[in-house]
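Enquirer: What follows is a single structure, and I will ask about it in a moment.
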Amino acid sequence: MQKPRRPKIGLALGAGGAGGGGGRGAPPPPDSNDAARQLTQHVLQVTGELDGVYLVDGSGLSADDRATAYSFVKYLARFPSTPGGRNFPLLLPANGNGTLWRLGNSRLSPGVVRAKTGTLGNVSSLVGYLGHRDGLLLVSVLYNGGRVYAAKQQQWQLFRVLGAQGNAVPGDSAANDGQALGGESREPPGNPNDD
């Protein structure tokens, strides 16, 4: 009789702008496809390392692909500061929308969570940005085991607890010469009847 596999859980939290050193992980295997090489190169350019990242295909669907919770957090911290990553958090679904619809049934304010879910067979992930009262949190929760539904419920609960007193994820991730997008002032326009 085989021993049951113990589930693996990865959790990483970080603050906006988190960095960190480390060496380089292994490049994709020689027999991998071009998409895996391109994605691996992109991750290396953004994060400066490949620790915790091993990609066999470019879709993330291979059972041989590997990524740590920390590697996701490091990517979330650095990608918005790249030329192609400006406003990246706003491209992710907000709580209450898309695969984050379950977070819309909670007491979270709109836009507190900007994240992406992932569920495959024995894997569940929830990775993204959370506007916390103390600042922007980068959260990556990964689960690998047989109780994916239970793991997903706990991932949602973590986001609900951390975001209970949260603020909306900030809109602009790059400096814009002091001028607000769409106008000269960051203040909302007044009511014309207030004069």
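Our numbering applies: residue 229 is where the sequence shown begins, and numbers increase by one.
The beta carbon of each residue, even a glycine, is placed where N, CA and C say it ideally should be.
Treat the numbers as computed from the prediction; the structure is a model and nothing was measured.
(1) Taking DSSP's pairing of strands, which residues face residue 344 in a bridge?
(2) Ignore the nearest five residues each way along the sequence and tell me which others in residue 394's own chain have a CB closer than 7 Å to its CB.
(3) Would you check if the stretch 288 to 302 and the stretch 310 to 325 touch, i.e. whether three or more CB-CB distances between them fall below 8 Å?
(4) Return the first residue and the last residue of the alpha helix (DSSP H) that residue 304 is part of.
(5) Determine, using beta carbons only, whether residue 207 and residue 263 come nearer to each other than 8 Å.
(6) Is DSSP giving residue 368 helix, strand or coil here?
(7) When DSSP labels each residue in this structure, what does residue 397 get in the three-state scheme?
(8) According to DSSP, is residue 286 part of a helix, a strand, or is it coil?
Expert: Reading from the atomic positions:
(1) In DSSP, residue 344 forms a bridge with 355.
(2) Sequence-distant Cβ neighbours of residue 394 in its own chain, meaning closer than 7 Å and more than five residues away, are 336, 337, 340, 358, 359, 360, 361.
(3) As far as the Cβ criterion goes, the stretch 310 to 325 does not touch the stretch 288 to 302, which means the pair count is below three.
(4) Where residue 304 is concerned, the enclosing alpha helix (DSSP H) stretches over 297 to 306.
(5) Only positions 229 to 423 of the chain appear in this structure, which leaves residue 207 out of reach.
(6) Strand.
(7) Assigned with DSSP and collapsed to three states, residue 397 falls in coil, not helix or strand.
(8) Note: residue 286 maps to coil in three-state DSSP.
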